[in-house]
Amino acid sequence: MPNRDVHKMRESYNSSILLETDCNADPFLQFEKWFSEAVEDKIFEPNAMTLATTGNDGQPSARMVLLKAYSHDGFIYYSNYESKKGIQIQDNNKVALCFWWAKHSRQVRIEGIASRTPKEKNEIYFHSRPRESQVAALISDQSKVVDSRETLEQLYREKEKEFSDKEIPLKENWGGFIVTPYLFEFWQGKGNRLHDRIQYSKEESGAWKIERLAP
Ligand SMILES: Cc1cc2nc3c(=O)[nH]c(=O)nc-3n(C[C@H](O)[C@H](O)[C@H](O)COP(=O)(O)O)c2cc1C
427 MPNRDVHKMR ESYNSSILLE TDCNADPFLQ FEKWFSEAVE DKIFEPNAMT LATTGNDGQP
487 SARMVLLKAY SHDGFIYYSN YESKKGIQIQ DNNKVALCFW WAKHSRQVRI EGIASRTPKE
547 KNEIYFHSRP RESQVAALIS DQSKVVDSRE TLEQLYREKE KEFSDKEIPL KENWGGFIVT
607 PYLFEFWQGK GNRLHDRIQY SKEESGAWKI ERLAP
């Protein structure tokens, strides 16, 4: 492995300025504004977000997941409840989400509490997925060690055959999480590394406090 120095990889961000006065008082509506702009501008997978979790051992773990719905109740993604992240959330339901929309030089950070979505909601979403994704969810013990790709493909073929004329069942270990935020940060990359950072933190009254953070 060469000792590769990448310090010359340096982009300059010259997007629009983010002032407190431009920010919506409601962080969900601010998110909606930025997300809509990412969709309109055809940013690739704008709903891809990093999910960070930490289990009992205090070791943080991060991976990408896809945002499937959001509202004032929170941000929903779907996964396996017995995966590494599922188990870490059982131990510690405090999680963080992070979006990066490079084309707009924008990052959104969210911290909050993850809880399982109701079974009925999971059923509806699960059966709306392509059939292949449903079979894959059925056979995958996500995050467990498998001996080979062939084993997975064999299992896939078996289940595909078994359920060829039946509805694919939703396993108990598969479903959604909704992340209810208590902190948002909207980061707008600017020239000279003087980036804009606007943080919203939820107060006990339920109101959102807006502050600017140093870049
Ligand atoms: C762009 C992208 C989107 C992903 N979306 C999901 C998702 O919505 N749900 C999911 O369980 N895994 C998703 N994955 C896979 C996860 O990153 C991860 O490999 C998997 O969930 C197992 O993580 P864990 O072992 O930490 O639980 C996605 C990966 C990428 C690269």
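So in the working numbering the end of the sequence shown lands on 641, straight run, no missing numbers.
Note that beta-carbon positions come from the ideal geometry of N, C-alpha and C, so glycine has one too.
Computed from a predicted model, the values in this text were never measured in an experiment.
Which listed residue (the options) has its alpha carbon closest to that of residue i
{"i": "I502", "options": "L523, I513, R489 and K510", "result": "L523"}
{"i": "A474", "options": "L492, N482, G481 and Q485", "result": "L492"}
{"i": "Q625", "options": "G617, F612 and E546", "result": "F612"}
{"i": "E466", "options": "P453, H530 and Y504", "result": "H530"}
{"i": "G602", "options": "Y496, S574, S631 and E588", "result": "Y496"}
{"i": "S441", "options": "W460, E630, E537 and S559", "result": "W460"}
{"i": "T476", "options": "H433, R535, V561 and Q514", "result": "R535"}
{"i": "I565", "options": "Q485, Q614, E579 and Q514", "result": "E579"}
{"i": "A562", "options": "P595, P428, T447 and W634", "result": "P595"}
{"i": "I513", "options": "G538, N482 and F589", "result": "N482"}
{"i": "G615", "options": "W527, K545 and R430", "result": "W527"}
{"i": "K592", "options": "L639, S574, K545 and R557", "result": "R557"}
{"i": "Y504", "options": "I636, P486 and I550", "result": "I550"}
{"i": "A488", "options": "V572, G617, G500 and I515", "result": "I515"}
{"i": "M490", "options": "S590, S631 and V521", "result": "V521"}
{"i": "F610", "options": "R436, G500 and P486", "result": "G500"}
{"i": "K597", "options": "K545, L445, R436 and I469", "result": "K545"}
Residue i, enclosing beta strand (DSSP E) - first and last residue
{"i": "I513", "result": "Looking at the DSSP string, I513 is not in any beta strand (DSSP E); the run it does join, the alpha helix (DSSP H), is K510 to D517."}
{"i": "E537", "result": "R532 to R542"}
{"i": "S627", "result": "D622 to K628"}
{"i": "T447", "result": "Segment: none, T447 is in no beta strand (DSSP E) and carries neither H nor E."}
{"i": "A495", "result": "A495 to S497"}
Beta-carbon proximity of residue i to residue j, cut-off 7 Å
{"i": "I604", "j": "S541", "result": "yes"}
{"i": "Y608", "j": "K585", "result": "no"}
{"i": "N450", "j": "E508", "result": "no"}
{"i": "T480", "j": "N518", "result": "yes"}
{"i": "P472", "j": "A464", "result": "yes"}
{"i": "K510", "j": "S559", "result": "no"}
{"i": "H498", "j": "F525", "result": "no"}
{"i": "G538", "j": "T447", "result": "no"}
{"i": "R623", "j": "L639", "result": "yes"}
{"i": "G617", "j": "S438", "result": "yes"}
Endpoints, the alpha helix (DSSP H) within which residue i is located
{"i": "A488", "result": "Careful: A488 lies outside any alpha helix (DSSP H), inside the beta strand (DSSP E) at P486 to L492."}
{"i": "F470", "result": "No alpha helix (DSSP H) contains F470, which DSSP labels as neither H nor E."}
{"i": "Y504", "result": "No alpha helix (DSSP H) contains Y504, which is instead part of the beta strand (DSSP E) from G500 to N506."}
{"i": "S559", "result": "R557 to I565"}
{"i": "V572", "result": "Element bounds for V572: n/a, residue is neither H nor E."}
{"i": "V465", "result": "P453 to E466"}
{"i": "I550", "result": "K545 to S554"}
Residue i at chain B interface by Cβ criterion, 7 Å
{"i": "R532", "result": "In the structure shown, chain B cannot be found, because there is only a single protein chain."}
Residue i beta carbon near ligand 2 (any heavy atom closer than 6 Å)
{"i": "S487", "result": "For ligand 2, the structure offers nothing, since it holds only ligand 1."}
Quiz prompt | Pocket of ligand 1 (residues with CB nearer than 7 Å to any heavy atom), chain order | solution = E471, A474, S487, R489, M490, V491, L492, Y503, Y504, S505, N506, S509, K510, K511, G512, Q568 and S569
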